[in-house]
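Top line first, the protein sequences correspond to chains A and B.
My numbering runs 28 ahead of the 1-based position in the first sequence.
My numbering runs 28 ahead of the 1-based position in the second sequence.
What follows is a short report on a single structure.
Protein chains: 2
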Amino acid sequence: MQVLIKRDQLNHAVQHVLKAVSTRTTIPILTGIKMLVTDEDMTLTASNSDISIECSIPFEEDGEEIVNVMRPGSIVLPARYFGEIVKKLPEDTIEIDVKENFLIQIRSGSSEFQLNGLDPEEFPRLPQLEEEKVFSIPADILKTIIRQTVFAVATTETRPILTGVRWNLHNGSLSLVATDSHRLANREANVETSEDLSFENIVIPGKSLTELNKILEDSDQLVDIVITDNQILIKYDKVLFYSRLLDGTYPDTSRIIPQSFKTEMVLNSRMFLQAIERASLLAGESKNNVVKLTSRPGEEVEITSNTQEIGKVTETITPASIQGDEIKISFNAKYMLEALRSIDSDEIKIGFTGSMNPFIIKPTEHDWITQLIVPVRTN
Amino acid sequence: MQVLIKRDQLNHAVQHVLKAVSTRTTIPILTGIKMLVTDEDMTLTASNSDISIECSIPFEEDGEEIVNVMRPGSIVLPARYFGEIVKKLPEDTIEIDVKENFLIQIRSGSSEFQLNGLDPEEFPRLPQLEEEKVFSIPADILKTIIRQTVFAVATTETRPILTGVRWNLHNGSLSLVATDSHRLANREANVETSEDLSFENIVIPGKSLTELNKILEDSDQLVDIVITDNQILIKYDKVLFYSRLLDGTYPDTSRIIPQSFKTEMVLNSRMFLQAIERASLLAGESKNNVVKLTSRPGEEVEITSNTQEIGKVTETITPASIQGDEIKISFNAKYMLEALRSIDSDEIKIGFTGSMNPFIIKPTEHDWITQLIVPVRTN
Chain A
29 MQVLIKRDQL
39 NHAVQHVLKA
49 VSTRTTIPIL
59 TGIKMLVTDE
69 DMTLTASNSD
79 ISIECSIPFE
89 EDGEEIVNVM
99 RPGSIVLPAR
109 YFGEIVKKLP
119 EDTIEIDVKE
129 NFLIQIRSGS
139 SEFQLNGLDP
149 EEFPRLPQLE
159 EEKVFSIPAD
169 ILKTIIRQTV
179 FAVATTETRP
189 ILTGVRWNLH
199 NGSLSLVATD
209 SHRLANREAN
219 VETSEDLSFE
229 NIVIPGKSLT
239 ELNKILEDSD
249 QLVDIVITDN
259 QILIKYDKVL
269 FYSRLLDGTY
279 PDTSRIIPQS
289 FKTEMVLNSR
299 MFLQAIERAS
309 LLAGESKNNV
319 VKLTSRPGEE
329 VEITSNTQEI
339 GKVTETITPA
349 SIQGDEIKIS
359 FNAKYMLEAL
369 RSIDSDEIKI
379 GFTGSMNPFI
389 IKPTEHDWIT
399 QLIVPVRTN
Chain B
29 MQVLIKRDQL
39 NHAVQHVLKA
49 VSTRTTIPIL
59 TGIKMLVTDE
69 DMTLTASNSD
79 ISIECSIPFE
89 EDGEEIVNVM
99 RPGSIVLPAR
109 YFGEIVKKLP
119 EDTIEIDVKE
129 NFLIQIRSGS
139 SEFQLNGLDP
149 EEFPRLPQLE
159 EEKVFSIPAD
169 ILKTIIRQTV
179 FAVATTETRP
189 ILTGVRWNLH
199 NGSLSLVATD
209 SHRLANREAN
219 VETSEDLSFE
229 NIVIPGKSLT
239 ELNKILEDSD
249 QLVDIVITDN
259 QILIKYDKVL
269 FYSRLLDGTY
279 PDTSRIIPQS
289 FKTEMVLNSR
299 MFLQAIERAS
309 LLAGESKNNV
319 VKLTSRPGEE
329 VEITSNTQEI
339 GKVTETITPA
349 SIQGDEIKIS
359 FNAKYMLEAL
369 RSIDSDEIKI
379 GFTGSMNPFI
389 IKPTEHDWIT
399 QLIVPVRTN
C-alpha cells in the first residue's frame, strides 16, 4: 500500500474513528485503526466491544485532490500514535507507504516515521446488516433528542438494561426514554420512514449515543438509521456508526408519568435554574444534594437548602402562574439541573401530584419532552 | 459589620485571595477569608503556610460607588463557599450583614444565604516587614522572568532548596536561577532601585511564584518588592502578596554554565520545537522521553527517537548556521520543549561542549536568558 493524502482530511477521519478505539483492551488488534485503500475508495475503521466506526475519505473534494493512490492495499495502524502523528506532521500532504512485515513509513516534509503495523486480515469484520428497518432524521434533531435523554441513563451496572436509551417507533413517531430509576427523560420526534415501519424495545447503550453525538454536527443533513435485532447502524455523511444493542426487556415506563396534577406552576427557566444552582452550592460534600421547594397558593415559590455547620440558603421566585394545592417537596438538585438544562425553552411547567410522588417538568411551548424526577423523602 | 458592595469588584478580590486559601489544612481558620471593613478601607485576607494575600477594595471607582459601609467590623468567611456564592449571586449589589455568633447574612435580589463565620480575632496577623530592601519592576517583566525560570524548579523534596527560585541583586541587575539538577534556567533583568541595594541567596518557593503569576497582569504598572530575611512582599495594584523564603544555601550554579563551545548552531525556534514535539511522540510510556540530536559539519541536523515495538522517527532540520565539531547527544525531550517554550525568540543558539557535558540554549537576540540541559547517557 502506498498513498499520498491531505493531512487535514486524514486527521478529520482519524479523529472520528478514534472514538471507537479501545484504550484498555486485551486484544492488540483493537488498539489499531484499519486503513483500506482500493483504486476507488479509502476507508478507516475502528472497533471496540460496543461500537464500530467506519469513515471514508473522498479522493477529491471541491475539485482538489485529497487522495492519490500509488499502490492499493491495507494495514492496521497503531491508533494512539498515528492520531498524534497526523495532527503534528509539518506539511499539508502525507505519504503513507507500507513495506514488508507491516512496517509503515510516514513521510511529510522533513519528518519521517516508521511504525510497526498489524496484519489487516486479523482485524474484525464489520457486521453486514440487512437493511429492513430504515428511517431518516436530520442530524441536528438526532443530536438534540440524544442530548435530551442520554444524561438520565443509569451509570451503574445493577440493572444493565437501564444503561441504555430505549427507542420505540410507531406511525412515524420516534420515542426515546432513559431512566436510572431516580429520574426519567422522555423525548418524542417525528421521523421520515418510507413504509409502515415500527419497532419496540430497541435499547442503545448510553455510551454509544454519547460518542455518536461527538460526531454528529448541527446540520439538517439527513441521517439514515438501520435497526436489526442486535445492532443499530447510523449513516451520516462519510461515517458509518455501528452500535450493539442491549439485551433484555426495558421496563414499561408509560404508567410512571403522571397525567393529571394537584399543583401546577409555570416558571422562567433561567431564573429557576440559577436559583437551584445557588441553592445547591451549600450541599458541599453531602452526596444527595437535596433542596426543598415550597409553594403556597398566592405566595412566591421558595427553594431552600440547609446544611448543618455550613449554613442555609433561601431563594424566592415569582412564578408566571401557579394553581392547585400547596406543596412542599424535596429533590436532588443535580437531577433538576440536568433536566432543566436539557429543556431548551424559556418557560417550563412543573406538575406535582403530592410530595411523595414523582413530578414532571415540561417546556410550555410543546409536548415533545417530559422530564420526571422522583422526590427525596425528608423529615 | 454591615456593608453593601458591588458583586464584580468583590468577586475579583475574592478570586485573588482564594489563591492563598488552604484546601487541606488542620487549622480551620485558614480555610477562611478574613474580611475587614473600616470607615476608610475594606480588605480581604487569606493565608496558608507558604503565602498570604491581602487585597483591598476601593470604596469608589471611576466615580461609581463600590462599597457602602453601614457598620464597620470584621469576620472570617468560609472561603470555598463564599467564593462560589459571590460568583453566582443574581444582582449587581450584595449586602453582607454579620449578626451575633459570627452568623453571616448575604443578600442579593431574591437570594439569601446564611453562613457560619469564624472569629476574626483568631485569624493570623500578616507579618510587619521593615521596608529596607525595596526595588521596583514592571508587572509584565516580573511575570515574564518568573515564567522563564519557575518551570525548572525541583518538584520533589529531596533537596528542598531546589524547589525554589534563587534571586540575587547586584548593581540594579536581578538574576533568577532555577534548577532541578537535570536542567537549569537563568534569567537576568534590570530593576529600579533608589539606593545601592544588593542581596544574595533569596530563595522563593516555586509554588509561591506560580500563584503570584496568576495575579500579575501583562501591564507596565510598577510592582514594588520588599525583601527581608525570611519573607518577600510583592505590592501590585491593590494586592499585597507575601511569601516565605526557603532556608538554606542555594548551590553555586555559576560555574556549571559553559562559556565556550565545541559546537554551536543557530536554529529556527518554531521548526526546532515542532521537530522535538514530533520526535517525542513515540516515547510513549517510557519516562525518560529521550531524543537524540546528531550533527555533522556541512550536513543537516537530525533529531531521532527509537522506541522498540512502536517504531522510530527521524526529523531533519536545516540550521541557519553551524560551526565546530560533529556532535551526537541525547537528552530529555520534555526539558528541551520547556526550555524552548520559555525563550521568546524567533531564533535560538545552542552551544555544546561534548556529548557528555551540559549544553546551553539561548535566544540569538539577547543575553538575558540561558537555558541549560544535562544530557542523557545512552549507548
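For each residue, glycine too, the CB sits at the ideal point set by N, CA and C.
Can you tell me where the beta strand (DSSP E) with residue i in it begins and where it stops?
i, result
"Asp-125 of chain A", "121–126"
"Asn-229 of chain A", "227–233"
"Val-97 of chain A", "95–99"
"Glu-343 of chain B", "339–345"
"Pro-391 of chain A", "387–391"
"Leu-64 of chain B", "60–65"
"Leu-250 of chain A", "250–255"
"Ile-350 of chain A", "349–352"
Provide the residue span of the alpha helix (DSSP H) that contains residue i, from first to last.
i, result
"Arg-194 of chain B", "Arg-194 of chain B -> not in any alpha helix (DSSP H); beta strand (DSSP E) instead, spanning 192–198."
"Ile-174 of chain B", "167–178"
"Gly-326 of chain B", "Run containing Gly-326 of chain B: none; DSSP gives neither H nor E here."
"Met-364 of chain B", "361–370"
"Glu-305 of chain B", "297–307"
"Val-45 of chain B", "35–46"
In the DSSP output, which residue or residues are listed as bridge partners for residue i?
i, result
"Arg-211 of chain A", "A:Ile-401"
"Ala-74 of chain B", "B:Ile-81"
"Pro-86 of chain B", "DSSP lists no partner for Pro-86 of chain B."
"Lys-115 of chain B", "Answer by DSSP bridge pairing: none, since Lys-115 of chain B is not bridged."
"Glu-216 of chain A", "A:Ser-203"
"Lys-242 of chain B", "Answer is none; Lys-242 of chain B lacks a bridge partner."
"Thr-332 of chain A", "A:Lys-320, A:Thr-342"
"Glu-92 of chain B", "B:Glu-89"
"Ile-103 of chain B", "B:Met-63"
"Gln-156 of chain A", "DSSP lists no partner for Gln-156 of chain A."
"Ile-57 of chain A", "BP columns for Ile-57 of chain A are empty, so no partner."
"Phe-380 of chain A", "A:Thr-291"
"Phe-269 of chain A", "A:Ile-81, A:Ile-262"
Compute the distance between the beta-carbons of residue i and residue j, then report whether it is under 8 Å.
i, j, result
"Leu-301 of chain B", "Ile-113 of chain A", "no"
"Val-193 of chain A", "Leu-204 of chain A", "yes"
"Ala-217 of chain B", "Ile-173 of chain B", "yes"
"Phe-269 of chain A", "Leu-250 of chain A", "no"
"Thr-73 of chain A", "Ser-80 of chain A", "yes"
"Val-402 of chain A", "Arg-211 of chain A", "yes"
"Ile-253 of chain A", "Ile-165 of chain A", "yes"
"Tyr-278 of chain A", "Ile-397 of chain A", "no"
"Ile-376 of chain B", "Leu-321 of chain B", "no"
"Phe-408 of chain B", "Asn-144 of chain B", "Since the first residue shown for chain B is 29 and the last is 407, residue 408 of chain B is missing from the structure and cannot be characterised."
"Leu-197 of chain B", "Phe-151 of chain B", "no"
"Glu-119 of chain B", "Gly-137 of chain B", "yes"
"Ser-358 of chain B", "Val-318 of chain B", "yes"
Mapping DSSP to helix, strand and coil, what is residue i?
i, result
"Thr-183 of chain B", "coil"
"Glu-140 of chain B", "strand"
"Arg-52 of chain A", "coil"
"Phe-289 of chain B", "coil"
"Tyr-264 of chain A", "strand"
"Glu-375 of chain B", "strand"
"Ser-282 of chain B", "coil"
"Phe-110 of chain B", "helix"
"Ser-236 of chain A", "helix"
"Leu-274 of chain A", "coil"
"Asn-316 of chain B", "coil"
"Leu-310 of chain A", "helix"
"Phe-163 of chain B", "strand"
"Phe-130 of chain B", "helix"
So does residue i have its beta carbon nearer than 7 Å to some heavy atom of the ligand COA?
i, result
"Val-95 of chain B", "Summarising the ligand content, the structure contains no ligands, and the ligand COA is consequently not present."
Relative to chain A, which residues along the region 333–354 of chain B have a C-beta separation below 7 Å, given in chain order? Here the close residues are Glu-337, Ile-338, Gly-339, Lys-340, Val-341, Thr-342, Glu-343, Thr-344, Ile-345.
Short of 9 Å Cβ to Cβ, which residues in the region 289–306 of chain B face chain A? Listed by position, the residues of the region 289–306 of chain B near chain A (Cβ gap below 9 Å) are Met-299, Gln-302, Ala-303, Glu-305, Arg-306.
For the region 106–132 of chain B, enumerate the residues whose C-beta is nearer than 9 Å to any C-beta of chain A, in chain order. Result list: Pro-106, Arg-108, Tyr-109, Glu-112, Ile-113, Lys-116, Leu-117, Pro-118, Leu-131, Ile-132.
For the region 135–159 of chain A, list every residue whose C-beta sits within 8 Å of some C-beta in chain B, in sequence order. If the cut-off is 8 Å between Cβ atoms, the region 135–159 of chain A has Ser-138, Ser-139, Glu-140, Phe-141, Gln-142, Leu-143, Asn-144 near chain B.
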